[in-house]
Amino acid sequence: MLGLLFAGHETSSHAISSTLFFLSKYPEAAEKLSKELCDLYSKSDSELKTFLNKERLQEYDYLYYVTKEGLRIDPPASDTLPYLVVKDTTICGVPLSKDTIINVNILPQHYNPNEWHEPKKFIPERFDPESEFYTKPGGENQPRSPLSWIPFSFGLRNCPGQTLALLEIKLIVAYLFTKVNFNFDKEQLDSPYAYFSMGSMLKMPFTHTLKEA
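The following block contains the structure:
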């Protein structure tokens, strides 16, 4: 039961908090998102309940890039659920016997300099097919490995709530970003790392005010 509660709620709140933090830390990305979501600023709360639906959210490309980059730079989980080795094998020079239980560390994949340009920076354009950041570094236009971004794990047993989680994160980020000003501690914004939820290093409280319509 605790596992279901954590997987279904704690992870999404982590991703939302982290994404809003990095939008405060990187004003250029925030400005681009603000322009894309300009049609939301004049909407009342009651209007947004019907206006901001699944179909509408799919029209916001940069919001999608921001969401995926937030999950890359600060994923809610640092490693995957356990996998069972089904036959003797060797991975990266390490022999693994059948029935060995292993976990895959997500962070090295998300910060691999062979896959990502400047991996420690928040760059939503990494997920824009038209951007120079979309492919591997090196200038040869090589696509990234499908395993370079795995916040929901991978394979047949990846997170069953992935589609719902992405929709939920986009919806709440869009709403809070257009309705609330978040003011984080300057020392925290200047820190190269920020962790949320479990083991959070975020200094509380931060201040927030409602944005003018």
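The opening position of the sequence shown corresponds to residue 1 in UniProt numbering, with each subsequent residue numbered one higher.
A virtual CB, placed ideally from N, CA and C, is assigned to each residue, including glycine.
Exercise for the section: Return yes when the Cβ of Tyr65 is within less than 8 Å of the Cβ of Glu125, no when it is not. Expected result: The criterion of a C-beta distance shorter than 8 Å is satisfied by Glu125 and Tyr65.
Problem - Cut-off 8 Å between Cβ atoms - residues of its own chain near Leu210, not counting five sequence neighbours on either side - result: Lys179, Val180, Asn181
Practice task
Between the Cα of Leu107 and those of Glu47, Lys49, Asp79, Leu20, spot the shortest distance and give me the residue it belongs to.
Solution key: Asp79
Handout entry: Spatially closest choice to Ile102 from Tyr111, Asn114, Thr89, by CA coordinates
Key = Considering only Tyr111, Asn114, Thr89, the residue with the shortest C-alpha distance to Ile102 is Thr89.
Handout entry: CB contact flag (Leu63, Glu31, <8 Å)
Key = no
Problem - Test: Thr100 CB closer than 8 Å to a CB of chain D - result: Reference to chain D is not applicable here, since this structure consists of a single protein chain.
Practice task
Going by CA-CA distance only, name the one from Gly161, Gly93, Ala174 that's closest to Cys38.
Solution key: Ala174
Problem - Contact between the segment 157–176 and the segment 45–54 (3+ Cβ pairs under 8 Å) - result: yes
Handout entry: Helix, strand or coil at Thr100 according to DSSP, with G and I counted as helix
Key = coil
Practice task
Note the first and the last residue of the continuous beta strand (DSSP E) segment covering Thr209.
Solution key: 207–210
Problem - Spatially closest choice to Lys98 from Asn112, Tyr83, His110, Asn105, by CA coordinates - result: Ranking Asn112, Tyr83, His110, Asn105 by Cα distance to Lys98 puts Tyr83 first.
Handout entry: Sub-8 Å separation of Ile123 and Glu69 beta-carbons
Key = Taking 8 Å as the cut-off, the beta carbon of Ile123 is found closer than this to the beta carbon of Glu69.
Exercise for the section: Verify whether the separation of the beta carbon atoms of Gln109 and Leu164 is less than 8 Å. Expected result: Contact: no.
Practice task
Would you decide whether Leu40 is buried or exposed? Buried here means 16 or more other CB atoms lie within 10 Å of its CB.
Solution key: buried
Practice task
Compare the Cα-Cα distances from Pro129 to each of Lys25, Pro143, Leu96 and report the closest residue.
Solution key: Pro143
Practice task
Reducing DSSP to helix, strand and coil, say where Phe22 ends up.
Solution key: Phe22 falls in the helix class under three-state DSSP.
Handout entry: Secondary structure, beta strand (DSSP E): runs of 3+ residues fully inside the segment 61–105
Key = List check, beta strand (DSSP E) in window: 89–91, 94–96.
Problem - Residue range of the alpha helix (DSSP H) that includes Phe51 - result: 45–51
Practice task
Taking all protein chains shown into account, decide if Thr67 is buried (16 or more other Cβ within 10 angstroms of its Cβ) or exposed.
Solution key: buried
Problem - Assigned exposure category for Ile91 - 16 Cβ within 10 Å defines buried - result: exposed
Handout entry: Local Cβ density within 10 Å of Glu140, reported as buried at 16 or more and exposed below that
Key = exposed
Practice task
Enumerate in chain order the residues of its own chain whose CB-to-CB distance from Leu20 is below 8 Å, with the five nearest sequence positions on each side excluded.
Solution key: Val173, Leu176, Phe177, Phe182
Exercise for the section: Have a look at Leu96, Pro137, Val86, Tyr26 and flag the residue whose alpha-carbon is nearest the alpha-carbon of Tyr111. Expected result: Pro137
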